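One line per chain: the protein sequences are F and E, in this order.
Using this note's numbering, the final residue of the first sequence is 710, and nothing's skipped along the way.
Using this note's numbering, the final residue of the second sequence is 366, and nothing's skipped along the way.
A short worksheet on the structure shown next.
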Amino acid sequence: MNKTVSIIITLGLLVALFIIFSGNSTSTNNDVNQVDSGQNIEMKNGIQYITIKTGGGYSPNISSAKAGIPTKLIMKTSGSFDCSSALVIRSINYQQMLPQTGETEIDLGISKAGAPIQGICGMGMYNFVVNFN
Amino acid sequence: MIKKYKFHVTGTHCASCKILIEDVLEEQGFIKNSKVDLKREIVEVETERTYTTPELAEILTKELKPHGYVLYAEKIIQDKKDNGVIWTAIPVGLVFLILFFLLQRSGILNLGIGGQMTPTTGFIIGIIASLSSCLAIVGGLVLSLSVKVAKDENGSVKKPFILFHISRLFGFVILGGVLGLIGETIGISFTFSAILGLIASLVMILLGINLLGILKKGTITLPSNIFSFFRKVEHATWAPVLIGVGTFFLPCGFTQSMQIAALSSGSFMSGLLIMSAFALGTLPVLALLSFGSVSFAHGKHATLFFKSAGVVVIGFGLFALLAGLAGLGIIKPLFSI
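Given below as structure tokens:
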């Protein structure tokens, strides 16, 4: 193949790869908006519950919740076997395989402004963030 | 009477290759003196015996082959052709990578599989896993090692691949049974498998660069012991066995889910059945990668295949490296695929 043609094609392909990687993950399992609209946050008896669905990634990817109140994370799995069920949250030293189907409650304590919680799967390919403000 | 012979040499990618070749040659009793010119890739020897140049090249190659060097009586004019191939290989490899990551993005593989864990579901999950992003790490490792072996052995050896796949199956069967027997979380550590994954990704990147052959001799030299280590490992029987069993511990969400399923299955037999069904499900794709490499290494487009595989392996290696570092919390996650 001609060198110049090859370089042009290569650059095009690299851009395509970059777009694939930088786009938001889409998943058939999750129809919730990727960037939160506050729908996954619920107050019950003075405790803030943040629900994150797993399966082919985490949804929503980014949530924002209120700071300064007791907060719990609910991880919802439904028949997921991929990396997303191997959940790691470094900041609270959480490292657990989620059940294939079910809900797992994780206590985050009292949320602090400016201290976002980041969850990542064991292999590092999926992640989610909860911001507090 | 002392006679001088001159050979062309291939396989010299390190500065210390000179010393190694000269050492090996001078260990042969009948070689009086040897000199290696790395820049011109020429080996000169002096001996009292009389041979034709091709004859002596063959005799000495027998001694040098285990170290990865081959002597030729005439210079093989391959370099020019090789340099052209890389310009085709890079786009080919990239297209493959794009298709792979598009498949991950498409969500096709995110089937929700519920209900009771049976060997049948284990098998189906195995097939899905072998096409999932786990392929980037397990498949990338299999591909890079297979292509390396196929290339070095001229594609004539199938034994290491058969050993690898059999050991992998056996490893999953036995370890699955053990998990079922123990029946409680012995803590399959994420950190442990993440570190294994990092090592695998570095091996992939290194082998990928080697397959591309872009390291111009003389400009960048890699430490010779790394490659001679690989060479020794390739020729050892225990290596494919160890790597085969080792895939059990490589980071892959599916494998870890199945390990948990085996754990909670409650008996040696059920754990064994679940894990072996899973391993059987992953077999077709992995077998295709390794035996495909062998047949491509025989084919007309061997050079193109080696270099394209190099691009794919480097891509997988980088992906696994960045993901692994993010998983360990060393860097911020750069992507969520």
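Every residue gets a Cβ at the ideal spot worked out from N, C-alpha and C, and that includes glycine.
Just so it is clear, the structure is predicted and the values come from calculations on it, not from any experiment.
Counting only the Cα atoms, Ser173 (chain E) lies some 12 Å from Leu315 (chain E).
For Ala331 (chain E), the uninterrupted alpha helix (DSSP H) run begins and ends at 331 to 356, by DSSP.
In this structure, the beta-carbon distance from Ala663 (chain F) to Phe219 (chain E) falls below 8 Å. By the Cβ criterion, the stretch 191 to 209 of chain E is not in contact with the stretch 327 to 342 of chain E, since fewer than three pairs of Cβ atoms, one from each stretch, lie closer than 8 Å. Between the stretch 127 to 136 of chain E and the stretch 271 to 287 of chain E there are fewer than three inter-stretch CB-CB distances shorter than 8 Å, so the stretches are not counted as touching. Shown here for Val176 (chain E): same chain residues with a beta carbon closer than 7 Å to its own, the five before and five after excluded, namely Leu240, Ser322, Phe335, Ala338 in chain order. Setting aside the 5 residues that flank it on each side, Ala290 (chain E) is surrounded in the same chain by Met146, Ile303, each with a C-beta closer than 7 Å to its C-beta; the list follows chain order. Counting only unbroken stretches of 4 or more residues, the alpha helix (DSSP H) elements lying wholly within the stretch 123 to 206 of chain E are 148 to 160, 169 to 181, in sequence order. At a cut-off of 8 Å, the C-beta of Ile586 (chain F) has a neighbouring C-beta in chain E. Contacts with chain E (Cβ-Cβ distance below 8 Å) from the stretch 652 to 672 of chain F involve Ser655, Gly656, Ser657, Phe658, Asp659, Cys660, Ser661, Ser662, Ala663, Val665, Arg667, Gln672, listed in chain order. Close partners of Leu594 (chain F) in chain E (Cβ separation under 9 Å): Leu123, Leu126, Ile127, Phe130, Gly344. Chain order gives no chain F residues near Thr276 (chain E), where near means a beta carbon separation below 7 Å; the closest approach is about 14 Å.
Beyond the five residues adjoining it in sequence on each side, Ala306 (chain E) comes within less than 6 Å, by CB distance, of Pro148, Gly151, Phe152 in the same chain, given in chain order. A direct Cα-to-Cα measurement between Leu350 (chain E) and Leu231 (chain E) gives close to 7 Å.
By the CB criterion at 8 Å, Ser63 (chain E) and Glu55 (chain E) fall inside the cutoff. Taking the beta carbon of Phe219 (chain E) as reference, the chain F residues within 8 Å of it are Ala663, Val665, Gln672, Gly699, listed in sequence order. Any Cβ of chain E closer than 8 Å to the Cβ of Phe598 (chain F) would place that residue at the interface, and such an atom is present.
Between Thr117 (chain E) and Leu588 (chain F), the alpha-carbon positions lie close to 13 Å from each other. Distance between Ser641 (chain F) and Gln625 (chain F), taken at the CA atoms: about 12 Å. Counting along the chain, no beta strand (DSSP E) covers Pro269 (chain E); the unbroken alpha helix (DSSP H) around it starts and ends at 267 to 275.
As for any beta strand (DSSP E) of minimum length 3 sitting wholly inside the stretch 667 to 704 of chain F, the runs are 671 to 674, 679 to 687, 694 to 698, ordered along the chain. Contacts between Ser636 (chain F) and chain E, judged by CB atoms closer than 9 Å, are missing: the closest CB pair is about 10 Å apart.
Thr631 (chain F) has F:Tyr635 as its beta-bridge partners, per DSSP. With a beta-carbon spacing of about 6 Å, Ile694 (chain F) and Leu685 (chain F) fall inside the 8 Å limit used to define contacts.
Measuring C-alpha to C-alpha distances from Phe345 (chain E) to each of E:Leu100, E:Ser162, E:Gly206 identifies E:Ser162 as the nearest.
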